[in-house]
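Visitor:
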Amino acid sequence: MNKTKIKNLTIQTALIAALLAMFVFFGFNYIKNINQRNIGIGFGFLNETAGFSISQTLISYTEADTFGRTFVIGLLNTLLASVISILLATLLGFVLGLMRMSENKLINRTALVYVETLRNIPPLLHVLFWYQVVFLNVLPPFKQSFKLGEWLYINVRGITVPSFIPQDNAITFHILAFIAICGIIYLSIVKKRMVLRGVHKTLWPWQVLIFAAMVAYAWIVKPYVMVLPQITKFKFSSGMTIRPELFSVVVAMGTYTSTYISEIVRSSIMAVPKGQLEAGKSLGFSPYRRLQLIIIPQAMRTMIPPVTNQYLNIIKNTSLGMAVAYPDLTSVFAGTTLNQTGKALEVMSIVMITYLSISLTTSLLMNWYNKSIIDRKGAMLAKEDIPVE
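Under this note's numbering, think of the first position of the sequence shown as 113, with each following residue one higher.
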């Protein structure tokens with residue numbers, strides 16, 4: 113072993129030893145301080161009574177429930193805000209990306225102003241704007257609610273819509289609906305494969321038939337009973353209210369992230385070789401068919417990885433809802449639960465591992481989808497003896 117290797121090994125060993133010593137030092141100090149405060153170490157607090165209320169819950173909850181249940185409620189609220197924000201950002205981003213590619217100057221400039229304005233404002237200010245300005249100062253008070261018939265009420269407390277009460281046959285309906293959705297998706301996949309093979313066969317009537325059958329089944333068996341909002345003196349006695357905190361977080365994250373997704377969509381479309389577009393025109397494809405069959409399938413390969421990063425940013429940025437008291441995982445568990453129990457290490461470890469797990473799961477799903485697109489193109493090129501780029 114020469115002197116250089118010995119030197120490098122010595123430096124690496126010293127760094128590892130210093131890091132271990134630092135962790136041991138902070139670990140002993142943490143245990144000492146916790147014991148002095150009679151807090152203790154462990155996860156037994158998850159079975160203790162929470163004793164506080166939560167403004168928005170997707171499952172039943174009372175103050176007599178445990179801290180473990182508050183974690184589940186915070187997790188569900190985080191997932192709810194994340195999923196809706198991702199859908200909104202994807203839709204807006206895709207439309208804005210196409211608008212940026214438009215030859216119409218009005219459409220192009222409008223999208224440009226939208227993108228350059230919103231993406232240069234911090235996301236926290238987006239959340240505060242929609243909550244403080246739109247909901248608290250623009251919308252009417254509770255007793256002067258804006259209403260659309262007996263179906264919709266909008267005021268500073270949120271947006272109230274009819275609620276749907278599940279009946280005994282709701283589980284059967286869910287199973288059949290899941291099978292129907294899988295069938296519709298399967299027919300879409302079959303249609304794409306047929307088009308790639310040059311086979312043009314109409315399958316959408318079957319998809320419409322499946323959807324119509326599920327609507328007819330729901331109309332006949334009525335798995336849910338719709339209950340219209342009933343307004344009383346101080347509150348709604350029925351109906352479902354979308355609270356302003358959720359609305360603010362979703363709209364803020366959706367509009368803010370859509371600006372980045374729009375640029376990803378635009379750059380991915382511009383990366384498609386012009387020869388592909390010219391070939392589509394020579395074959396007589398309409399602009400819509402060129403977009404559907406030529407541009408988007410090829411742009412997706414370069415689009416998905418950066419879009420995945422934006423999805424991860426949305427999941428993590430939902431924690432900004434804490435600024436407007438949205439009861440997500442950070443607010444409910446890393447906030448109120450931590451303050452009441454004092455279990456800083458345990459609570460923060462659970463929260464960080466949870467966010468890490470959600471992000472890794474999202475990345476795995478998006479990477480799997482991206483790989484399926486690449487493998488599909490490779491298989492088609494292999495059939496035609498064309499080398500894959």
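For every residue, glycine included, the Cβ atom is placed at its ideal position computed from N, Cα and C.
Only a predicted model underlies this, so the values are computations on that prediction, with no experimental measurement involved.
Can the beta-carbon of V268 be found closer than 8 Å to that of L240?
Guide: no
Visitor: Applying the criterion that 16 or more other CB atoms from any shown protein chain within 10 Å of the CB defines a buried residue, is K455 buried or exposed?
Guide: buried
Visitor: Out of F254, Y336 and V311, point me to the one whose CA is closest to T284's CA.
Guide: Y336
Visitor: Go through its chain and collect everything with a Cβ distance to L450's Cβ below 7 Å, but skip five positions before and after it.
Guide: Excluding five sequence positions before and after L450, the CB atoms of its chain that fall closer than 7 Å to its own CB belong to A456 and V459, given in chain order.
Visitor: Among L424, I462, L441 and Q452, which residue has its Cα nearest to the Cα of L472?
Guide: L424
Visitor: Starting from Y265, trace the beta strand (DSSP E) both ways and give me its first and last residue.
Guide: L264 to N267
Visitor: For Q101, does the count of other Cβ atoms within 10 angstroms reach 16, so buried, or fall short, so exposed?
Guide: Because the chain here runs from 113 to 501, residue 101 falls outside it and cannot be looked at.
Visitor: Between L299 and the rest of its own chain, which residues show a CB-CB distance below 7 Å, the 5 nearest in sequence each way excluded?
Guide: L315, W318 and Q319
Visitor: Please go through the same chain and pick out, in chain order, the residues whose beta-carbon is closer than 7 Å to the beta-carbon of P418, but skip the five residues on each side of it.
Guide: Within the same chain, P418 has close Cβ partners I376.
Visitor: From which residue to which residue does the beta strand (DSSP E) around Y372 run?
Guide: Counting along the chain, Y372 falls outside any beta strand (DSSP E), though it belongs to the alpha helix (DSSP H) covering P356 to M382.
Visitor: Starting from the Cα of S165, find the closest Cα among N159, G156 and T178 and give me that residue.
Guide: T178
Visitor: Report yes or no: do the segment 409–416 and the segment 174–188 share at least 3 C-beta pairs separated by less than 8 Å?
Guide: Because the criterion of three Cβ pairs below 8 Å is not met, the segment 409–416 and the segment 174–188 do not touch.
Visitor: Quick check on the DSSP output: what are the complete alpha helix (DSSP H) runs of length 4 or more inside the segment 160–233, in order along the chain?
Guide: You should have 179–212 and 217–230.
Visitor: Anyone know if the C-beta pair for S197 and T430 falls short of 8 Å?
Guide: yes
Visitor: Output the residue ranges of the beta strand (DSSP E) runs that lie fully inside the segment 279–352 and measure 3 residues or longer, sorted by chain position.
Guide: 336–339
Visitor: Can at least three beta-carbon pairs, one atom from the segment 378–391 and one from the segment 329–343, be found at a separation below 8 Å?
Guide: no
Visitor: Hey, how far is the Cα of F323 from the Cα of G295?
Guide: 10 Å
Visitor: Have a look at A328, Y400 and R309 and flag the residue whose alpha-carbon is nearest the alpha-carbon of A292.
Guide: A328
Visitor: Run through DSSP, which three-state label would M492 get?
Guide: Since pLDDT at M492 reaches only 49, below the 50 mark, its modelled position is unreliable, and the value read off the structure follows with that caveat. Of the three classes helix, strand and coil, the one that applies to M492 here is helix, per DSSP.
Visitor: Just to confirm the assignment, what range does the alpha helix (DSSP H) spanning I153 have?
Guide: Neither: I153 is in no alpha helix (DSSP H) and is coded neither H nor E.
Visitor: Tell me which residue opens and which closes the alpha helix (DSSP H) that K393 is part of.
Guide: K386 to S394
Visitor: First and last residue of the beta strand (DSSP E) that includes I426?
Guide: No beta strand (DSSP E) contains I426, which is instead part of the alpha helix (DSSP H) from I408 to N429.
Visitor: If you reduce the DSSP assignment to three classes, tell me which class G433 lands in.
Guide: helix
Visitor: Shorter than 7 Å, the distance from the beta carbon of P274 to the closest heavy atom of the ligand MN, or not?
Guide: Of the ligands one can find in the structure shown there are none, so the ligand MN has no counterpart to examine.
Visitor: Would A193 and L358 qualify as a contact pair, given that the criterion is a beta-carbon distance under 8 Å?
Guide: yes
Visitor: Between which two residues does the alpha helix (DSSP H) containing V239 stretch?
Guide: Segment P235 to L240, the alpha helix (DSSP H) holding V239.
Visitor: Measure how close the beta-carbons of N220 and R212 come, nearest whole angstrom, since I'm counting them as under 8 Å.
Guide: 6 Å
Visitor: For A223, which residues of its own chain have a beta-carbon under 6 Å away from its beta-carbon, when the five flanking residues on both sides are left out?
Guide: L208, M211 and R212
Visitor: Can N189 and P439 be called in contact, C-beta distance under 8 Å?
Guide: For the 8 Å CB-CB criterion, N189 and P439 form a contact.
Visitor: Q547: buried (16+ other C-beta within 10 angstroms of its C-beta) or exposed?
Guide: One cannot answer for residue 547 here, as it falls past the ends of the chain, which runs 113 to 501.
Visitor: Please tell me whether A201 and Q422 are closer than 8 Å, where the distance is taken between their beta carbons.
Guide: yes
Visitor: Is DSSP giving F397 helix, strand or coil here?
Guide: The three-state reading of DSSP puts F397 in coil, since its state is none of H, G, I, E or B.
Visitor: Does the separation of the CB atoms of V227 and T371 fall below 8 Å?
Guide: yes
Visitor: Could you pull the start and end residues of the beta strand (DSSP E) that L260 belongs to?
Guide: F258 to L260
Visitor: For the putative contact between G242 and S374, defined by C-beta atoms under 8 Å, what is the C-beta separation to the nearest angstrom?
Guide: In the sequence as presented, Gly is not what sits at residue 242; that position holds Trp. Between S374 and W242 the Cβ distance is about 20 Å, and since that is not below 8 Å, they are no contact.
Visitor: My output table needs one value for G139: the three-state DSSP class, helix, strand or coil.
Guide: helix
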